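Novice: In my numbering, the protein residues as written are -5 to 67.
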Ligand SMILES: [Zn+2]
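(1) Thinking C-alpha only, which one of 36, -4, 13 and 15 is nearest residue 2?
(2) Pull the bridge partners of residue 54 from the DSSP assignment, please.
(3) Applying the 10 Å Cβ sphere with the 16-neighbour rule, what's the burial state of residue -2?
(4) Residue 59 and residue 26 - do their beta-carbons sit closer together than 8 Å?
(5) On the DSSP bridge list, what partners appear for residue 28?
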């Protein structure tokens, strides 16, 4: 598990989680690569987990920001 640092809602540097791994789309069944960044409290926005193949949403979260990409082979 990785971390990044950012200023939190109090203006203090804090560590936030980065998670990454392969995810299977619930719509088209393809496997894509996903990076998730924990959102900073006080600056959270709802983000959609969009499949890079079929562009359908596999859920949304106010806790994570999603960066999805196709797996090249
Ligand atoms: Zn899909």
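Glycine included, C-beta positions come from ideal geometry on N, C-alpha and C.
Only a predicted model underlies this, so the values are computations on that prediction, with no experimental measurement involved.
Specialist: So, to answer that:
(1) Between residue 2 and the set 36, -4, 13 and 15, the nearest pair of CA atoms involves 36.
(2) Residue 54 has 42 as its beta-bridge partners, per DSSP.
(3) Counting Cβ neighbours within 10 Å, residue -2 comes out exposed, since fewer than 16 surround it.
(4) One thing to note: residue 26 has its Cβ no nearer than 8 Å to the Cβ of residue 59.
(5) DSSP output for residue 28 lists 15 and 62 as bridge partner(s).
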